[in-house]
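See below for the structure under consideration.
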Amino acid sequence: MKKFGKISGVLGAMALSASFLIPTHQADAAVKAYPYNGLNNNNYYNAMNIKSNVGGVSIKHITNPENSGYSAVGRVSNYDGWKGHGKDSMGTGFIIDGHTYITNLHVVQDSKGKIARPQDVKMVTERNGSSRKYVFNATKIKRVPNADAVIIHTRQNMDRYVKPMKLANEREINGLKAGDPIKAPGYDKYSKYGPTEDNTKLWESNGRYLMTTSNGREIMNKQIFRSGGSGSPILTKDNKVIGISAYGWNLNGTTHNELAGGFKFTGDTRQFILNNMK
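Residues -29 to -1, 1 to 249 (mature numbering (1 follows the signal peptide of the UniProt record, and there is no 0)) are what the sequence shown spells out, left to right.
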C-alpha cells in the first residue's frame, strides 16, 4: 500500500472563512460549521490510495450556463458572513424546485457561527464576471441535520426563470464506484496560473468519485475544488445531483492535492431535503 505524508494546509470551504482552524501537521480540524468525517485519518489515507489509481481531473470556464445545463447553479452572497456585516462572503448554491435552493451551512453563517438573517442572503444565477441574469432573495433558511448544508426558500418562483436540478435516486448514488466520473459546477476562485481572488465566473470541475466515508454520510472525490466552490452540486454525467461539495485540500491552488469532500443525498439527509422543498 502506498503511504502518504500527513496533511498540510487542509481545509474546507468558501471564500476562505475564519470559521476554520487549519492544522499544518494532521488530518484533523476544528470546524465551526461541521466536523467533517473526511478529515479522519483513515478516511483521508483511504481516499488518497484510491485517488492514485483513478483517472485524471480537469476544469473549464462555463461562459453560457444555460446551454451547459447549469442555469440553476448560482453565486450565493451572504452580507453578514465571516467577512463582516455588509461585505460579500460568498459560496455556490443550486436550485432544486421553484422556491428552494441548497448551499453549505458555512456559506450562510455569520462571524459567530450563527445562521445569517434571510434578508442578508441572496443568489445570482448565470453570473459571468460583471454580467448576471437573475437575483433571488431568501425568505427562510433551514439547517439540514447532520450535514454542512442548508435549504433556502425564496420569495421568487425560480422555475419561471431557470430549470431546477433533479436529484439522482439513491440506487444511483449508492451504486457509484471508485473512478466513476462526477462534475461539480461552482464559483470557485480558480486560475491555472495560481491563486486568484476572482470568484465571479462559473467553473465546471470534472472529477472522479473515490469513496463514501466511514460514517456513511460523506463522499470524497478527486476534484479540483477551490475557495468559493462551497455549496456546488456534485453531479452525475447527466447532471443529476449526487450531493453537495463542502471541503477540500487545495482551496488556494497551492498544495497540488486535488482532493475534496462533501455530503451525499441519501438516507435522512435526502428525506429532510424532500420534506422541506417548498
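For each residue, glycine too, the CB sits at the ideal point set by N, CA and C. This structure is a prediction, so every number in the text was calculated from the model and none was measured.
Between which two residues does the beta strand (DSSP E) holding residue i run?
{"i": "Glu189", "result": "189 to 193"}
{"i": "Asn177", "result": "174 to 183"}
{"i": "Pro204", "result": "204 to 206"}
Is the Cβ-Cβ distance between residue i and residue j less than 8 Å?
{"i": "Met191", "j": "Leu147", "result": "no"}
{"i": "Ser176", "j": "Ala149", "result": "no"}
{"i": "Ile215", "j": "Gly233", "result": "yes"}
{"i": "Ser42", "j": "Ile33", "result": "no"}
{"i": "Lys235", "j": "Ile144", "result": "yes"}
{"i": "Gly199", "j": "Gly62", "result": "yes"}
{"i": "Glu141", "j": "Thr237", "result": "yes"}
{"i": "Ile202", "j": "Gly64", "result": "Looking at the sequence itself, residue 202 is Gly, so the reference to Ile does not match. For Gly202 and Gly64, yes; Cβs fall inside 8 Å."}
Going by DSSP, what residues sit across from residue i in a beta bridge?
{"i": "Thr125", "result": "Ala109"}
{"i": "Leu230", "result": "Lys193"}
{"i": "Tyr218", "result": "Gly232"}
{"i": "Tyr72", "result": "Ile66, Ile123"}
{"i": "His32", "result": "Trp174"}
{"i": "Ile86", "result": "Gln80"}
Terminal residues of the continuous alpha helix (DSSP H) containing residue i?
{"i": "Gly238", "result": "238 to 246"}
{"i": "Ala139", "result": "Note, Ala139: premise wrong, no alpha helix (DSSP H); not H, not E."}
{"i": "Ala155", "result": "Not the alpha helix (DSSP H): Ala155 falls in the beta strand (DSSP E), residues 152 to 157."}
{"i": "Ile21", "result": "12 to 22"}
In chain order, what residues of the same chain lie with their CB nearer than 6 Å to the CB of residue i, ignoring the 5 residues before and after it?
{"i": "Phe107", "result": "Met94, Thr125, Gln127, Met129"}
{"i": "Lys208", "result": "Pro152"}
{"i": "Met248", "result": "Asp68, Thr71"}
Excluding the 5 residues preceding and the 5 following residue i in the sequence, name in chain order all residues of the same chain whose CB lies nearer than 7 Å to its CB.
{"i": "residue 257", "result": "What the structure shows of the chain is the stretch from -29 to 249, and residue 257 is not part of that stretch, so it cannot be assessed."}
Meets three-Cβ-pair contact criterion under 8 Å: the stretch 19 to 26 and the stretch 73 to 83: With the cut-off at 8 Å, the stretch 19 to 26 and the stretch 73 to 83 do not touch.
Touch test, the stretch 96 to 105 against the stretch 217 to 235, Cβ-Cβ under 8 Å, three pairs minimum: As far as the Cβ criterion goes, the stretch 96 to 105 does not touch the stretch 217 to 235, which means the pair count is below three.
Touching by the beta-carbon criterion (3+ pairs, under 8 Å), the stretch 135 to 147 and the stretch 9 to 25: Not touching, per the Cβ criterion.
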